[in-house]
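Read in numbering that gives the first Met the number 0, the sequence shown has 134 at position 135, and its numbers run on one by one without any break. Glycine included, every Cβ here is placed at the ideal spot set by N, Cα and C. Note that the coordinates shown come from a computational prediction; the quantities given were computed from them, not determined experimentally. Have a look at the structure below, then the notes.
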Amino acid sequence: MRRLLVLSVFFSTTVAALDLRSLSSMYTAPTCEHRQSCLFMMDDFRFELCGCPNDTQCSGKYSAVHQGTKYSFCTDPQLDQCASGDLSVTVEGLQTTLHCACAKPLVERKIIDTESAATKFVCESPPNTLPISAKMNKLMNFWKYRTAKYQERGAMYRLRRKQMQSVRCQSKDDLC
């Protein structure tokens with residue numbers, strides 16, 4: 000089965016057909032390392048950056064999802080659980096290497112290495128959200144207090160109004 004790529008240049012009617020097998024014979028992909036992704040899919044695009052050993056196909060049999068992107072491997076990567084401070088993922092260009100998976104309470108923090116132009120993800124404890132929840136509790140208590148005050152003021156206003164009407168009606172000249 001031959002696959003053809005049809006190119007159109009500047010919306011003209013000139014169409015060129017290019018055999019993709021001739022392109023693949025010019026470029027041989029490097030062999031993937033053990034925990035290096037051979038294929039990743041993002042936004043319905045398929046990126047195959049290295050080849051599996053023994054000329055086997057890279058399939059979705061062994062896969063992992065990292066930040067919404069599905070990564071496939073040649074063999075089972077057997078990811079261990081990361082401790083706090085451990086390097087979990089390294090991204091160099093488009094090539095991704097998974098080292099370990101962050102345990103449940105830990106979150107990944109992105110670190111950009113300027114020397115090697117690599118992006119690294121390190122597992123860390125989640126940020127402390129106690130001050131935010133304390134502020135939220137204080138705010139909720141304020142609104143409860145304010146609502147109670149308005150209800151109390153409304154009740155006092157209605158009571159004063161009834162008292163004023165009863166004072167007016169006590170005199171014989173007023174019609175109530």
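**Opening and closing residue of the beta strand (DSSP E) in which His33 lies** = No beta strand (DSSP E) contains His33, which DSSP labels as neither H nor E.
**Request:** Mark Leu93 as exposed unless 16 or more other C-beta atoms lie within 10 angstroms of its C-beta, in which case mark it buried.
**Result:** Under this definition Leu93 is an exposed residue.
**Item:** Cβ shell of Thr95 (< 7 Å), same chain only, five flanking positions each side left out
**Value:** Cβ neighbours of Thr95 within its own chain (closer than 7 Å, five residues either side excluded): Ser36, Phe39, Tyr70, Val88.
**Prompt:** So is Leu158 buried or exposed if we call it buried at 16+ other beta carbons inside 10 Å?
**Reply:** Its Cβ having fewer than 16 others within 10 Å, Leu158 is exposed.
**Outcome for Arg34 when other beta-carbon atoms lying within 10 angstroms are tallied against a minimum of 16** = Looking at its Cβ environment, which holds 16 or more other Cβ atoms inside 10 Å, Arg34 is buried.
**Opening and closing residue of the beta strand (DSSP E) in which Cys81 lies** = For Cys81, the enclosing beta strand (DSSP E) covers residues 79–81.
**Request:** Take every Cβ of the stretch 119–127, pair it with every Cβ of the stretch 98–110, and state whether three or more of those distances are shorter than 8 Å.
**Result:** Touching, yes, given that three or more Cβ pairs across the two stretches are closer than 8 Å.
**Prompt:** What did DSSP end up calling Asp54 once you bin it into helix, strand or coil?
**Reply:** Correct three-state label for Asp54: helix.
**Asked** Can you round the beta-carbon distance between Cys31 and Cys73 to whole angstroms, since I take them to be within the 8 Å contact cut?
**Response** Taking the Cβ atoms as the reference, Cys31 lies roughly 5 Å from Cys73, within the contact range of under 8 Å.
**Message:** For Met41 and Leu138, what's the separation of their Cα atoms in angstroms?
**Reply:** One C-alpha to the other measures close to 41 Å.
**Request:** Count the other C-beta atoms from every protein chain shown that fall within 10 angstroms of the C-beta of Pro76, then say buried if there are 16 or more, exposed otherwise.
**Result:** Classification for Pro76: buried.
**Request:** Note the first and the last residue of the continuous beta strand (DSSP E) segment covering Lys119.
**Result:** According to the DSSP assignment, Lys119 belongs to the beta strand (DSSP E) that extends over 117–123.
**Item:** Rounded Cβ spacing between Leu48 and Ala28 (contact assumed at less than 8 Å)
**Value:** Correct: roughly 7 Å between the Cβ atoms.
**Request:** Would you identify the three-state DSSP class for Leu38, choosing helix, strand or coil?
**Result:** Of the three classes helix, strand and coil, the one that applies to Leu38 here is strand, per DSSP.
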